[in-house]
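Take a look at the structure below.
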Amino acid sequence: MAQKTIALVICSIRSPRVGPSIANWLTSLITPRLSSTPHIKLTTLDLADFPMPLSPSGRTIPAKLPVPLSTSPYSDPEVNTFSLAIRQIDAFIFLTPQYNWSIPGVVKVAFDHLFHEWKGKPMMVVSYGGHGGGKGAVHLKEVWKGLRGGECVAGVELALGGGVGKAVEGVLDEGVRQTWEAAAKGDEISEGWGKLVRAFEEEKS
């Protein structure tokens with residue numbers, strides 16, 4: 001089987017932020033499983049590393065661009081850089097907070113700048129917030145459908161509960177992490193990872 005890359009996408013760019021700490025926890029859960037799937041590579045993609053305009057510019061409609069895409073199909077160089085990065089990814093784990101029952105604006109901006117780069121690729125959503133970020137996850141999934149993205153194989157909600165205050169300061173409370181583990185959230189993450197891997201296997205068959 002050809003090498004496949006799954007990106008863990010950190011969807012918050014605020015400062016300070018707890019997203020990278022949660023991403024590290026997710027990575028610690030997934031890494032032990034990589035030895036059984038040598039054709040799968042996990043990488044981290046941080047939206048903070050890809051500053052882009054708030055809106056597509058010019059007359060280019062991403063969905064109307066001819067495929068295969070050229071190396072620079074967009075008028076903004078920052079978007080071209082992001083496009084090339086996303087083209088290297090075969091599936092996604094979107095790690096997103098919930099803002100006002102939705103996703104961070106930067107996530108919608110990232111989605112809207114591209115189209116073909118997302119199309120057909122499977123993903124899972126890991127949301128977090130005071131009560132788990134479920135409403136934000138629902139919104140993300142709806143946008144993904146509009147992008148003609150592939151199957152959403154799993155959704156995991158991580159409730160910050162009493163750890164919200166520390167999370168706003170960029171700190172993942174140890175008690176919160178222990179609560180997640182007691183609630184078998186780690187198992188949910190592992191199951192979602194397995195579904196992403198199986199999505200590749202079904203694609204091959």
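Note that the sequence shown covers residues 1 to 205 in full-length UniProt numbering.
Just so you know, even glycine gets a beta-carbon here, dropped at the ideal spot from N, CA and C.
Every value quoted in this text rests on a predicted model; they were computed, and no experiment measured them.
According to DSSP, residues forming a beta bridge with residue i
{"i": "K11", "result": "Checking the sequence, you will find Cys at residue 11 rather than Lys. DSSP lists no partner for C11."}
{"i": "Y128", "result": "P97, L158"}
{"i": "S70", "result": "DSSP, once it has assigned bridges, lists no residue as partnering S70."}
{"i": "S102", "result": "Y99"}
Sequence-distant residues of its chain with Cβ nearer than 6 Å to residue i (five each side left out)
{"i": "G150", "result": "G120, K121, P122"}
{"i": "A167", "result": "V18, L160"}
Span of the alpha helix (DSSP H), counted from its first residue to its last, around residue i
{"i": "L140", "result": "134 to 146"}
{"i": "A167", "result": "164 to 168"}
{"i": "H113", "result": "105 to 113"}
Buried versus exposed, by CB contacts within 10 Å (16 or more), residue i
{"i": "S127", "result": "buried"}
{"i": "S57", "result": "exposed"}
{"i": "K70", "result": "Here residue 70 turns out to be Ser, not Lys, going by the sequence shown. So S70 ends up on the exposed side."}
{"i": "A2", "result": "exposed"}
{"i": "K145", "result": "exposed"}
{"i": "T31", "result": "exposed"}
{"i": "Q88", "result": "exposed"}
{"i": "W101", "result": "exposed"}
{"i": "L26", "result": "buried"}
Separation of residue j from residue i, as counted between CA atoms
{"i": "N80", "j": "G186", "result": "35 Å"}
{"i": "V171", "j": "H116", "result": "36 Å"}
{"i": "E191", "j": "A137", "result": "18 Å"}
{"i": "R177", "j": "T44", "result": "20 Å"}
{"i": "D49", "j": "V9", "result": "11 Å"}
{"i": "L158", "j": "H131", "result": "7 Å"}
{"i": "G165", "j": "A154", "result": "28 Å"}
{"i": "F111", "j": "S55", "result": "10 Å"}
{"i": "L65", "j": "V143", "result": "19 Å"}
{"i": "D46", "j": "I13", "result": "8 Å"}
{"i": "D173", "j": "V125", "result": "21 Å"}
Extent of the continuous beta strand (DSSP E) run through residue i
{"i": "A154", "result": "152 to 159"}
{"i": "K41", "result": "40 to 46"}
Same chain, Cβ closer than 7 Å to residue i, five either side skipped, listed in chain order
{"i": "E169", "result": "P16"}
Neighbourhood of residue i by C-beta distance below 8 Å, restricted to the same chain and skipping five residues each side
{"i": "E78", "result": "F50, P51, M52, P53"}
{"i": "T37", "result": "V197"}
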